[in-house]
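*Asks:* If you use the numbering used here, the sequence shown closes out at 364, no skipped numbers anywhere. Each residue gets a CB set at the ideal place from its N, CA and C atoms; glycine is no exception.
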Amino acid sequence: MKKVFSLMVLLLALITLSACKGADIKILMPGDYINLKLLKDFKKETGKKVKIVTFESNEAALIKLKMEKFDLVVPSDYMVEQMIFEDLLQPIDWELITELDKETSFPDELQSLLSDYQEEFPILDYHVPYFWGNLGILYDKTKVSLELLESEEWNIFANEELRIVIYDSSRDGFFIALKQLGYSGNTNDDKELEDAESYLKAIAKHKNVVFLTDEILDDMKTSKYDLSLTYSGDAVYLMSKNSKLDFYVPKVGTNVFVDGFSIPKDATNLDVVYQFINFISRQENALKNTLDVMYQSPRKDVYESLISPGSELYDYLSAYQVIRNENDELFRYDKDAKEFIDDAWAKIRSSN
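1) For Asn301 and Asn146, which I take to be in contact (beta-carbon distance under 8 Å), what is that distance rounded to the nearest angstrom?
2) Jot down the residue ranges of each uninterrupted alpha helix (DSSP H) in the stretch 67-122, minimum 4 residues, whole runs only, in chain order.
3) Using alpha carbons as the reference points, say which of Trp357, Asp283, Glu204 and Ile353 lies closest to Glu107.
4) Tell me, please, which residues DSSP counts as bridged to Met251.
5) Are there 16 or more other CB atoms within 10 angstroms of the CB of Phe343, so buried, or fewer, so exposed?
6) Rounded to the nearest angstrom, how far is the Cβ of Arg336 from that of Leu125, given a contact under 8 Å?
7) With Val268 and Glu165 assumed to form a contact (beta carbons below 8 Å), what rounded beta-carbon distance in angstroms separates them?
8) From the DSSP output, read off the bridge partner residues of Val50.
9) Can you tell me whether Phe343 is helix, strand or coil according to DSSP?
10) Quick check: the Cα distance between Ser240 and Glu209, rounded to an integer number of angstroms?
11) How long is the line joining the alpha carbons of Leu29 and Lys63, rounded to whole angstroms?
12) Check whether the stretch 182-193 and the stretch 203-218 touch, using three or more Cβ-Cβ pairs below 8 Å as the test.
13) When the distance is taken between beta carbons, is Pro87 closer than 9 Å to Gly272?
14) Assess, as a yes-or-no matter, whether the stretch 244-253 is touched by the stretch 137-151 under the definition of 3 or more beta carbon pairs within less than 8 Å.
15) Using the Cα positions of Lys347 and Asp105, report the straight-line distance between them to the nearest angstrom.
16) Is it true that the stretch 110-119 meets the stretch 303-313, where meeting means three or more beta-carbon pairs spaced less than 8 Å apart?
17) I'd like to check one pair, Leu100 with Lys78: are the Cβ atoms closer than 9 Å?
18) Out of Met91, Met251, Val221 and Leu325, which has the shortest C-alpha to C-alpha gap to Tyr237?
19) Helix, strand or coil: which one does DSSP assign to Ile319?
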């Protein structure tokens, strides 16, 4: 539930965070993205206090990081790349990461993804994976068939007979349009980006389509919409609340994302920073955290235990298990493409 925030969770977080004055480390991360009991357990074990400051988007995190001092930040992959470009991060000392081995600890799908990008984008030099997942279609099985999804792929969002909600994100909207059109989700080709803009404008004009953010969690619990553009962890959560729901990832390709711990360049309390990373990454704590947040764990042992028959999340395997195909991509930072996408998205939204 890193991408969508409920009001109650934010209120609880504010109460918790206001009591964290005099903290030993301050962490900037998405809302509702950690089991708060683990913060108490960390204090009990180490005597160290943690203060969590939340953000609603990676772009908001970037602004906060430039204005305020933090000891840790939890951005997505592409934002790590931008933060590196802007010289905001310091390298990770993997010799101090005792609970994860960057060569052997990650699930095969995540390991292969990181390996594919390591030469051109060495993300692990600045990023310790915390949660990961992919983007897909959450749908009401009583209204939408798997066969229809398999034939339409992302084009299902152009269907004028279904009640559709699209997550209001320029990055994700353009990614699915580009993949459906047969392009790379990371293209910076003007024509391809313009094609995607036209594709999305046509969808946005349909009266059965709405663009939302935090409302999606509540709305999909009651199947207010027939299908939704949704992140895998949110899909697991919603499927646990509504047995009519299932999750499908189009074979034409999707975005596989990796969120993780990065250390700001001006962070100083590094002993506690590495203590905390190791504490959260420990097997039993990673499991507790995953069962609370419901996103994919970067620990191979935890992830594989949860995709095994009889596990707590096995009933939601279509969302929790990431089966990477050859068309899937990690989103990359490109300044010019990002500016085009953000500007075009504003126009697309205004036409809805």
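*Replies:* This is what the structure holds:
1) Actually they are not in contact, since the Cβ atoms of Asn301 and Asn146 sit about 19 Å apart, beyond 8 Å.
2) Fully enclosed alpha helix (DSSP H) runs of 4 or longer: 70-79 and 89-97.
3) Selected option, being the one with the closest Cα: Asp283.
4) The partner list for Met251 (beta bridge, DSSP) is empty, contrary to what the question assumes.
5) Result: buried.
6) 6 Å between Cβ atoms; contact.
7) That belief does not hold up - the Cβ atoms of Val268 and Glu165 are roughly 16 Å apart, past 8 Å.
8) Going by the sequence as given, residue 50 is Leu instead of Val. Beta-bridge pairing by DSSP links Leu50 to no other residue.
9) DSSP places Phe343 outside both helix and strand once states are collapsed to three, so it counts as coil.
10) Approximately 20 Å between the Cα atoms of the pair.
11) Note that Leu29 has pLDDT 46, beneath the 50 cutoff, so the model's placement of it is unreliable and no number is given.
12) Yes: at least three Cβ pairs fall under 8 Å.
13) In contact: Gly272 and Pro87 (Cβ atoms closer than 9 Å).
14) With three or more CB-CB distances shorter than 8 Å, the stretch 137-151 counts as touching the stretch 244-253.
15) Their Cα atoms are separated by approximately 28 Å.
16) A contact is defined here as three or more CB-CB pairs under 8 Å, and the stretch 110-119 meets this definition with respect to the stretch 303-313.
17) Taking 9 Å as the cut-off, the beta carbon of Lys78 is found closer than this to the beta carbon of Leu100.
18) Just measuring C-alpha positions, the residue of Met91, Met251, Val221 and Leu325 sitting nearest Tyr237 is Val221.
19) In the three-state reduction of the DSSP assignment, Ile319 falls in the coil class.
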